[in-house]
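With our numbering applied, the sequence shown covers 5 to 418.
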Amino acid sequence: MSAERHPTLCQVVHEVVENTPVFDIHTHLFDPAFGSLVSWGIDDLLTYHYLIAEAFRCSEQPADFFWGLSKAQQADWIWQHLFLQRSPISESCRGVLTTLRLLGIDARSRDLPALRQHFSKWTPEAYTERILEISKVRKVCMTNLPFDDQERPYWEKGFNRHPAFVAALRLDPLLLEWDKTAAQLHQWGYNVRADLSGSTLEEVRRFLADWATRMDSQYCMVSLPPEWRFPENTITNRLLQEAVLPFGREHGQAFAMMIGVRRGVNPELRMAGDSLAPADVPSVEALCAAYPQNKFICTMLARENQHALCVAARKFRNLHIFGCWWFLNNPSLIEEITRMRIELLGLGVTPQHSDCRVLDQLAYKWNHSRPILAEVLAEKYSDLSDTGWHVTRSEIERDVHQLLGGAFEQFIGR
Ligand code: HDL
Ligand code: ZN
Numbered sequence: 005m006s007a008e009r010h011p012t013l014c015q016v017v018h019e020v021v022e023n024t025p026v027f028d029i030h031t032h033l034f035d036p037a038f039g040s041l042v043s044w045g046i047d048d049l050l051t052y053h054y055l056i057a058e059a060f061r062c063s064e065q066p067a068d069f070f071w072g073l074s075k076a077q078q079a080d081w082i083w084q085h086l087f088l089q090r091s092p093i094s095e096s097c098r099g100v101l102t103t104l105r106l107l108g109i110d111a112r113s114r115d116l117p118a119l120r121q122h123f124s125k126w127t128p129e130a131y132t133e134r135i136l137e138i139s140k141v142r143k144v145c146m147t148n149l150p151f152d153d154q155e156r157p158y159w160e161k162g163f164n165r166h167p168a169f170v171a172a173l174r175l176d177p178l179l180l181e182w183d184k185t186a187a188q189l190h191q192w193g194y195n196v197r198a199d200l201s202g203s204t205l206e207e208v209r210r211f212l213a214d215w216a217t218r219m220d221s222q223y224c225m226v227s228l229p230p231e232w233r234f235p236e237n238t239i240t241n242r243l244l245q246e247a248v249l250p251f252g253r254e255h256g257q258a259f260a261m262m263i264g265v266r267r268g269v270n271p272e273l274r275m276a277g278d279s280l281a282p283a284d285v286p287s288v289e290a291l292c293a294a295y296p297q298n299k300f301i302c303t304m305l306a307r308e309n310q311h312a313l314c315v316a317a318r319k320f321r322n323l324h325i326f327g328c329w330w331f332l333n334n335p336s337l338i339e340e341i342t343r344m345r346i347e348l349l350g351l352g353v354t355p356q357h358s359d360c361r362v363l364d365q366l367a368y369k370w371n372h373s374r375p376i377l378a379e380v381l382a383e384k385y386s387d388l389s390d391t392g393w394h395v396t397r398s399e400i401e402r403d404v405h406q407l408l409g410g411a412f413e414q415f416i417g418r
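Structure (structure tokens):
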């Protein structure tokens with residue numbers, strides 16, 4: 005073990021990783037200015053879709069029973085099934101308890117109504133500052149959808165932005181549901197046609213420029229199904245090649261692809277009903293090769309894709325890979341994937357993002373990931389020391405800043 009070999013070095017690495025502020029490059033969180041769209045507190049923590057999926061497995065109740073409950077009743081039900089009737093040993097359950105611990109809330113009473121009292125005294129704005137402080141997160145990238153009827157009015161009206169919350173322009177409806185979205189764009193005054201004829205592609209580029217400017221977006225993004233292939237003559241790829249990528253080159257917007265989701269394999273679970281399948285890494289390589297002037301960011305959902313994706317990133321300097329996404333965000337897989345990435349890519353990677361949907365989750369997701377990253381780094385720096393190359397504390401701080409968002413900011417030019 006590296007700790008035996010170089011105990012002081014390992015202690016420094018853990019200290020630095022534990023205390024380096026993070027840029028969390030992909031979340032579903034909202035700036036406090038978004039009011040009711042902000043998700044926080046114990047009931048939102050307990051009704052996180054990861055926990056809904058796990059709780060459904062513990063009951064014979066029909067799904068409609070659960071969906072007919074209030075949020076507090078759903079939280080009570082999940083608390084009963086996953087925390088009281090059996091030990092909360094899964095990563096998602098552990099996360100709720102880590103969050104309570106980091107907030108200084110004693111959960112040993114196991115009394116959910118009593119736990120709720122601790123959250124009732126906060127305002128969303130004050131709570132946001134508290135969570136950012138204990139999570140040591142310096143910047144949070146949101147997922148922002150012009151097509152969302154609840155979110156869009158905030159952007160159209162404008163609001164005072166929280167300095168720590170930045171935007172990413174999410175394009176799934178544009179790229180994956182063009183027929184429906186074309187009608188929406190036309191209604192908004194963009195002269196587009198479903199068959200992409202006329203000035204459609206120019207107008208889509210104008211739409212992208214309008215919203216990227218309005219949001220000051222860091223990058224554009226899409227979640228692609230495992231069947232996505234490039235090259236292939238599809239509407240998705242034509243919009244990508246003739247609108248999104250030219251826009252990206254003109255406006256300096258990197259394009260993020262999150263690939264491998266199979267939406268709604270069990271519809272009765274609603275948002276918790278998605279699954280995964282292995283995706284096609286050669287398609288990512290072909291896109292990077294075809295568009296060397298564009299910058300691509302990528303994460304894949306299947307464990308089976310991770311090694312090939314690392315190799316793809318070795319081949320293309322316009323590809324930056326990130327995160328242990330969703331079903332990969334578990335200690336055993338985070339360690340495996342992070343070790344593989346550092347061995348193959350050094351520091352030119354963003355090992356983790358949180359994908360938080362509930363503000364409080366920032367606390368636990370980073371508290372769980374940091375020690376794993378630290379352990380891998382400690383081993384790698386120990387291996388360096390064994391060659392006679394000794395890193396200084398400031399070099400470790402430089403490197404860890406890179407891994408926790410610095411390399412990403414350099415890559416996207418922000
Ligand atoms: O598409 C995505 O961005 C995914 O992260 C989904 O939002 C998924 O539901 C999720 O929350 N994963 O953590
Ligand atoms: Zn996400």
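The C-beta atom is built at its ideal place from N, Cα and C for all residues, glycine as well.
Query raised in the report: Taking DSSP as the reference, what is the three-state secondary structure of M430?
Result: In the structure displayed, the chain extends from 5 to 418; residue 430 sits before or after that span and is not available.
Query raised in the report: So is the beta-carbon of M1 under 8 Å away from any non-hydrogen atom of the ligand HDL?
Result: Missing from the structure shown is residue 1; the chain here goes from 5 to 418 and no further.
Query raised in the report: Leaving out the 5 sequence neighbours to the left and right, which residues in its chain are closer than 8 Å to S94 when beta-carbon positions are compared?
Result: Close CB contacts of S94 within its chain, under the 8 Å cut and outside five residues either way in sequence, are with E58, L86 (chain order).
Requested in this report: Sort out for me which residues DSSP pairs M304 with in a bridge.
Outcome: I263
Query raised in the report: Looking at the structure shown, is F169 part of a helix, part of a strand, or coil, going by DSSP?
Result: strand
Report task. Inspect the beta-carbon positions of M146 and H255 and report whether they are closer than 9 Å. Result -> no
Query - Helix, strand or coil at N148 according to DSSP, with G and I counted as helix - result: strand
Requested in this report: Closer than 6 Å by C-beta to A306: which residues in its own chain qualify, once you throw out the five before and the five after it? Chain order, please.
Outcome: G264, L280, P282
Requested in this report: Since I believe P36 is in contact with P128 (beta carbons under 8 Å), could you give me their beta-carbon distance rounded to a whole number of angstroms?
Outcome: 5 Å
Query raised in the report: Any heavy atom of the ligand HDL closer than 8 Å to the CB of M261?
Result: Answer for M261: no, Cβ out of range of the ligand HDL.
Requested in this report: From the DSSP output, in three-state form, read off S386 for me.
Outcome: helix
Report task. Look at L291 and Q310 and say whether their C-beta atoms are less than 9 Å apart. Result -> no
Query raised in the report: Cβ of D48 versus every heavy atom of the ligand HDL: is any distance shorter than 8 Å?
Result: For the ligand HDL, not one heavy atom lies less than 8 Å from the Cβ of D48.
Requested in this report: Please confirm whether any heavy atom of the ligand ZN lies closer than 8 Å to the CB of W370.
Outcome: no
Query raised in the report: Can the beta-carbon of D28 be found less than 9 Å from the beta-carbon of K143?
Result: yes
Query raised in the report: Using the beta-carbon count (16 or more within 10 Å), is E64 buried or exposed?
Result: exposed
Query raised in the report: With a CB to CB cut of under 7 Å and the five nearest residues on each side skipped, what residues in its chain are close to V196?
Result: The residues are A186, L189, H190, T204, E207, V208.
**Report entry** Cβ separation of G327 and T303, assumed to be a contact under 8 Å, to the nearest whole Å
**Finding:** About 4 Å separates the two Cβ atoms, so the contact holds.
Query raised in the report: Around the ligand HDL, which residues pass a check of Cβ closer than 5 Å to any of its heavy atoms?
Result: S227, W330, D359
Query - Rounded separation between E272 and L55 - CA only - result: Going by C-alpha positions, E272 is about 15 Å away from L55.
Query raised in the report: Are any of the Cβ atoms in chain B nearer than 9 Å to that of E254?
Result: Absent here is chain B; the protein component of the structure consists of one chain.
**Report entry** Distance CB(V226)-CB(M275) smaller than 9 Å
**Finding:** no
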